[in-house]
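So for the sequence shown, my numbering puts the first residue at 144; every next one is plus one.
All C-beta atoms, glycine included, are put in the ideal place defined by N, C-alpha and C.
Structure first, then comments.
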Amino acid sequence: MPFELIQVISMIALYAAAIAMASLCSSLLKAEDIPEERNKTLDGLRALAAVGVAASHINQHVCAYSGATGVPHIGNHVEIVGVQMFFALTAYLFTDRALRGRIQPLQFLSGRIRRIIPLYTFAVAAAIGIATLYTLNLQTSLAQSVKEIFKVYTYGFWVHHAISFKGFNMLRLLCVAWTLSYEWAFYLLLIPASMIWSRYRVAMFAIIAVAVGLVINQYSYKSEQVIWPFFFPGVIAAFLNYYLPKPPAAVRQIASVASIAFFVLMITTPGYWTAMKLGYAVCLFLSVYYGQAPLLNWKPLQSLATVSFSVYLLQYLLLGPAALYINHNPEIFSNQAIKVASVFSVMIALIPVSFLTYLFIEKPFMTRGASGSERKRPACGSELKVTDAVEERSLVSIGR
């Protein structure tokens, strides 16, 4: 079977498994977990992005265990597109709030902390627990252990090239958390930008011009790994929505079809974080946003969107140990079919685990903060399409 076909079948099967498990687990959610006021198009995109990242990582092992040789470029490109769409979603949702004067610095940062830190702390604690099981016979000083734990925990705020605990490579369990550092940087830049926008709009446009100049300068020296500009698709969409909230009907009709074309271009064009991919990312995000494809409103995708942060952040806590167990027990996993089925089951397990961590770790902290916001909201805010409290529940990090 051609390698490309193996990847396509694997990715489709993994998506199907995630959607099937979400359909089974969706009864765990209440109506308040999927408010009608949410932008279902963006939620559907968020679900596809989160599952795509997890599926691509599992697909790497599926391809290896099936005996295929080569780099699974199709799956890897789906992963990168998923991360890029997460960045765009983050940028759009919060830039839109900033443009409408709805960013209060302390409240905003408090909301982001409540949204990200509880699950991230759980993920780090679980990763350290798993690493401890693998290193029970190794002895290190308390000071060294504390130092390593601190470095592991700060990985989600400041990317380190290597993190370990008692010699165990923690990137096997937490590597996807690298995106969080970019998110925090975006949030910290958004606060002063929103203040400038509210007072000096000409100055804000000057700042945007400088940022565009920096992007051009960066790409003139490097063709790859220029990551931060991929927040721009969301920023551009927010400005377009601010100045042109109702585009012509013809735009919406063309956009849905165009989104498929741009997605195909993104997964077939060589390179990951290139200037060309940035252009495609802008077009893909805008076409999805304006296309409003009915498929994205599908209930299983809406349920997956609700738990997408857990799907994204926890994937390697299951995939890492599973792959290690398969690799170190050849007498049990003696043929390709058993290996493939075993690693494929990671997706089947990841979805219910994500629903549980959402309900018992993520949701309690979001609900606690949201209820306080609702009590303080004056009546004059009723004309807003979405209350800040509902928005806060619906804005899901990637953990990037």
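(request) State whether the region 283-290 contacts the region 422-435, with contact taken as three or more CB pairs (one from each stretch) at a distance under 8 angstroms. (result) no
(message) Taking only three categories from DSSP, how would you classify PRO307?
(response) Position 164 of the sequence shown, counted from the start, is the residue given in the question as residue 307. Per the sequence shown, the amino acid found at residue 307 is Ser instead of Pro. Reduced to three states, the DSSP call for SER307 is strand.
(message) Checking 8 angstroms against the spacing of the C-beta atoms, do LEU252 and LEU188 come in under that value?
(response) Along the sequence shown, one-based indexing puts residue 252 at 109. Along the sequence shown, one-based indexing puts residue 188 at 45. No; because the gap between Cβ atoms is not below 8 angstroms, this pair is not in contact.
(request) Go ahead and label ASN182 buried or exposed: buried means 16 or more other beta carbons lie within 10 angstroms of its beta carbon, across all protein chains shown. (result) Position 39 of the sequence shown, counted from the start, is the residue given in the question as residue 182. ASN182 is buried by the Cβ-count criterion.
(request) Would you identify the three-state DSSP class for ASN219, choosing helix, strand or coil? (result) For the purposes of this step, residue 219 is taken as residue 76 along the sequence shown, with counting starting at 1. Reduced to three states, the DSSP call for ASN219 is helix.
(request) Whole angstroms is fine: what's the gap from LEU460's alpha carbon to SER453's? (result) Mapped onto the sequence shown, residue 460 falls at position 317. Mapped onto the sequence shown, residue 453 falls at position 310. Taking the straight line joining both Cα atoms gives about 11 angstroms.
(message) Please give the ranges of any alpha helix (DSSP H) in the region 394-478, keeping only runs that are unbroken, at least 4 residues long and fully inside the region.
(response) 418-434, 442-449 and 451-471
(message) Here's the rule I'm using: 16 or more other beta-carbon atoms within 10 Å means buried, otherwise exposed. How should TYR432 be labelled?
(response) Residue 432 sits at position 289 when you count from the first residue of the sequence shown. Label assigned to TYR432: buried.
(request) For the region 308-322 and the region 254-269, state whether three or more C-beta atom pairs, one from each stretch, are separated by less than 8 angstroms. (result) yes
(request) Compute the Euclidean distance between the alpha carbons of PRO390 and PHE237, then round it to the nearest angstrom. (result) Here residue 390 is taken as the residue at index 247 of the sequence shown, counted from 1. Here residue 237 is taken as the residue at index 94 of the sequence shown, counted from 1. Taking the straight line joining both Cα atoms gives about 21 angstroms.
(message) With H, G and I counted as helix, E and B as strand and the rest as coil, what does DSSP make of ASN312?
(response) Counting from one through the sequence shown, the residue named residue 312 turns up at place 169. Of the three classes helix, strand and coil, the one that applies to ASN312 here is strand, per DSSP.
(request) Could you give the DSSP three-state label for PHE300: helix, strand or coil? (result) By one-based count along the sequence shown, residue 300 stands at place 157. Coil, per DSSP.
(request) Would you check whether the ligand COA has a heavy atom nearer than 7 angstroms to the C-beta of LEU249? (result) Although the ligand COA was asked about, the structure shown includes no ligands whatsoever.
(message) Checking 8 angstroms against the spacing of the C-beta atoms, do LEU457 and LEU493 come in under that value?
(response) Here the question's residue 457 lines up with position 314 in the sequence shown. Here the question's residue 493 lines up with position 350 in the sequence shown. In contact: LEU457 and LEU493 (Cβ atoms closer than 8 angstroms).
(message) Determine whether the beta carbon atoms of SER199 and ILE149 lie at a separation below 8 angstroms.
(response) Locating residue 199 in the sequence shown gives position 56, where the first residue counts as 1. Locating residue 149 in the sequence shown gives position 6, where the first residue counts as 1. Contact flag unset, no.
(message) Going by C-alpha to C-alpha distance, which of SER497, TRP340, GLY195 and LYS420 sits closest to SER446?
(response) In the sequence shown, residue 446 corresponds to position 303, counting from 1. Measuring from the Cα of SER446, the nearest candidate turns out to be SER497.
(request) Taking MET154 and GLY218 to be in contact with their CB atoms under 8 angstroms, please state how far apart those CB atoms are, rounded to whole angstroms. (result) Within the sequence shown, residue 154 is the residue found at index 11, counting from 1. Within the sequence shown, residue 218 is the residue found at index 75, counting from 1. At roughly 6 angstroms, the Cβ-Cβ gap stays under 8 angstroms, so MET154 and GLY218 are in contact.
(message) Check this for me: beta carbons of VAL196 and GLY225, under 8 angstroms apart or not?
(response) Sequence index remark: in the sequence shown, residue 196 carries index 53 (1-based). Sequence index remark: in the sequence shown, residue 225 carries index 82 (1-based). A contact, by the Cβ cut-off of 8 angstroms.
(request) Decide if HIS135 is buried, meaning its Cβ has at least 16 other Cβ atoms within 10 Å, or exposed. (result) As shown, the chain starts at 144 and ends at 543. That puts residue 135 outside it, with no answer to give.
(message) Within a Cβ cutoff of 7 angstroms, which residues of the same chain sit near TYR158, ignoring the five residues on either side of it in sequence?
(response) Working through the sequence shown from its first residue, we reach residue 158 at position 15. Excluding five sequence positions before and after TYR158, the CB atoms of its chain that fall closer than 7 angstroms to its own CB belong to VAL194 and ALA198, given in chain order.
(request) Closer than 7 angstroms by C-beta to PRO215: which residues in its own chain qualify, once you throw out the five before and the five after it? Chain order, please. (result) Position 72 of the sequence shown, counted from the first residue, corresponds to residue 215. The beta carbon of PRO215 is closer than 7 angstroms to those of GLN150, ASN202, GLN203 and CYS206 in its chain, skipping five residues each way along the sequence.
(message) Using the Cβ count rule (16 or more neighbours within 10 Å means buried), how would you classify GLN227?
(response) As a position in the sequence shown, residue 227 is number 84, starting the count at 1. So GLN227 ends up on the buried side.
(request) Note down the Cα distance separating LYS482 from PRO495, rounded to an integer number of angstroms. (result) Your numbering for residue 482 matches position 339 in the sequence shown. Your numbering for residue 495 matches position 352 in the sequence shown. Taking the straight line joining both Cα atoms gives about 22 angstroms.
(request) To the nearest angstrom, report how far apart LEU167 and ILE491 are at their CA atoms. (result) In the sequence shown, counting from the first residue as 1, residue 167 sits at position 24. In the sequence shown, counting from the first residue as 1, residue 491 sits at position 348. Going by the C-alpha atoms only, they are around 11 angstroms apart.
(request) Within the same chain, show all residues whose beta-carbon is closer than 6 angstroms to that of ARG255, passing over the 5 residues directly before and after it, in chain order. (result) Position 112 of the sequence shown, counted from the start, is the residue given in the question as residue 255. Once the five neighbours on either side are set aside, the close Cβ partners of ARG255 are TYR330.
(message) Going by beta-carbon coordinates alone, are ASP186 and ALA448 separated by less than 8 angstroms?
(response) On the sequence shown, residue 186 is found 43 positions in, with the first residue counted as 1. On the sequence shown, residue 448 is found 305 positions in, with the first residue counted as 1. Yes.
(request) Flag GLY377 as yes if its beta-carbon sits less than 8 angstroms from any beta-carbon of chain B, otherwise no. (result) Absent from the structure: chain B. Only one protein chain is present.
(request) Would you identify the three-state DSSP class for ALA532, choosing helix, strand or coil? (result) Here residue 532 refers to the residue found at position 389 of the sequence shown. Residue placement at ALA532 is poorly supported in this model, since its pLDDT is 44, which falls under 50; the coordinates are not used for a value here.
(request) Consult DSSP for TYR263 and reduce its assignment to one of helix, strand or coil. (result) To locate residue 263, count along the sequence shown from 1; it is residue 120. Note: TYR263 maps to helix in three-state DSSP.
(request) Could you tell me how far apart the beta carbons of MET409 and HIS220 are, in whole angstroms, since I believe they sit closer than 8 angstroms? (result) Looking up residue 409 in the sequence shown gives position 266. Looking up residue 220 in the sequence shown gives position 77. Sure, about 7 angstroms apart at Cβ, within 8 angstroms.
(request) Throw me the rounded Cβ distance for the VAL353 and TYR362 pair, which I believe falls under 8 angstroms. (result) Taking the first residue of the sequence shown as position 1, residue 353 is located at position 210. Taking the first residue of the sequence shown as position 1, residue 362 is located at position 219. Not confirmed; about 15 angstroms, so no contact.
(message) Taking the straight line between their C-alpha atoms, what separation do you get for ALA165 and ILE350?
(response) Numbered from 1 along the sequence shown, position 22 holds the residue referred to as residue 165. Numbered from 1 along the sequence shown, position 207 holds the residue referred to as residue 350. Rounded to whole angstroms, ALA165 to ILE350 spans 43 angstroms at the Cα level.
(message) I need the straight-line Cα distance from PRO437 to PRO178, nearest angstrom please.
(response) In the sequence shown, counting from the first residue as 1, residue 437 sits at position 294. In the sequence shown, counting from the first residue as 1, residue 178 sits at position 35. Using only the alpha carbons, I get a separation of about 17 angstroms.
(message) Does MET347 come out as helix, strand or coil in the three-state DSSP assignment?
(response) For the purposes of this step, residue 347 is taken as residue 204 along the sequence shown, with counting starting at 1. MET347 falls in the helix class under three-state DSSP.
(request) Would you mind sorting ALA522 into buried or exposed? The rule is 16 or more other CB atoms within 10 Å of its CB. (result) Position 379 of the sequence shown, counted from the start, is the residue given in the question as residue 522. Any reading at ALA522 must be qualified, since the residue scores a pLDDT of 37, below 50, and its modelled position is unreliable; no value is offered.
(request) My understanding is that SER402 touches GLY434, with C-beta atoms under 8 angstroms, so please give their C-beta distance in whole angstroms. (result) By one-based count along the sequence shown, residue 402 stands at place 259. By one-based count along the sequence shown, residue 434 stands at place 291. With 8 angstroms as the limit, SER402 and GLY434 qualify as a contact, their Cβ atoms being about 5 angstroms apart.
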